[in-house]
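Just so we're aligned, residue 435 is where the sequence shown starts under the numbering used here, counting upward by one.
Beta carbons: idealized from backbone N, C-alpha and C, even for Gly.
Remember, it's a predicted structure, so these values are computed and weren't measured experimentally.
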Amino acid sequence: PTFNYSSPYWTNKATFAVEDGLEGLTEKESKLASYWNTPFTKICLGMTINGNRRWMLLEYKADSLYSVIADGQSRNTTAGIENWKSLIAGSFLQPYCNYESFNINFINPPNFSLRARLGLAANNQDNCLSCDSWIGFGVHWRSNCKTSEAFRACGNAFMCGNNVIDNPAFGYILVH
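Structure follows, in structure tokens:
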């Protein structure tokens with residue numbers, strides 16, 4: 435995907451498919467100049483799976499999305515696990531850790547890593563270094579549970595248990 439964790443589009447000031455971004459809420463990937471030049475106090479996050487689009491509001495004040503993502507520094511958010519889960523029908527997040535942030539970066543070599551540009555990491559224990567479930571945007575995740583590795587622009591996953599969940603989604607990040 436164009437906007438997985440390691441994509442340079444998260445850390446540069448280059449546009450991508452501007453025409454597609456100006457069409458409205460389509461399922462065409464784009465990045466507009468508003469990523470680095472628009473201050474905001476609220477972020478509207480959306481995810482679409484099989485035509486079902488859901489939204490949540492994240493209160494956060496910043497000079498731009500670029501200013502909170504490009505440097506890779508973790509910045510906590512406070513939407514809460516239920517708001518994140520509301521983005522995808524049937525989503526699943528484990529009950530512990532519940533770390534939500536810009537630039538999640540948990541690396542526990544060689545078996546576990548979770549990196550996300552914006553999202554929530556969850557686990558079956560308070561230790562966040564071995565997160566088994568997540569929801570978010572711009573994700574790279576690795577787990578030894580099912581020998582899994584995922585690169586996602588957006589979605590929700592849980593791979594360590596009887597009910598494997600892998601929900602790639604189309605994502606929207608709108609600022610106000």
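Residue(s) in a DSSP beta bridge with residue i
i	result
Tyr-533	Ala-555
His-574	Arg-549 and Phe-585
Selection from the options that minimises the alpha carbon distance to residue i
i	options	result
Thr-449	Leu-608, Gly-458 and Tyr-469	Tyr-469
Val-573	Asn-558, Ala-603 and Asn-557	Ala-603
Asn-601	Gly-524, Phe-536, Cys-579 and Thr-475	Gly-524
Ser-440	Ala-587, Gly-485, Val-609 and Leu-608	Ala-587
Arg-488	Gly-589, Tyr-500, Leu-456 and Cys-562	Gly-589
Glu-534	His-610, Phe-546 and Lys-519	Lys-519
Ser-501	Asn-438, Asn-471 and Phe-592	Asn-471
Backbone secondary structure at residue i - three-state DSSP
i	result
Leu-499	helix
Tyr-443	helix
Ile-515	helix
Cys-562	helix
Glu-493	strand
Gly-455	helix
Neighbourhood of residue i by C-beta, 7 Å cutoff - its chain only, sequence neighbours within 5 removed
i	result
Leu-548	Ile-538, Phe-540, Ala-555, Cys-565, Trp-568 and Trp-575
Chain-order list of residues whose beta-carbon lies under 6 Å from that of residue i (same chain, five-residue window excluded)
i	result
Asn-561	none
Lys-465	Tyr-443, Thr-449 and Phe-450
Thr-445	Ala-504
Tyr-606	Gly-480
Neighbour-count burial assignment, residue i, 16 or more Cβ in a 10 Å radius
i	result
Gly-553	buried
Gln-528	buried
Gly-570	buried
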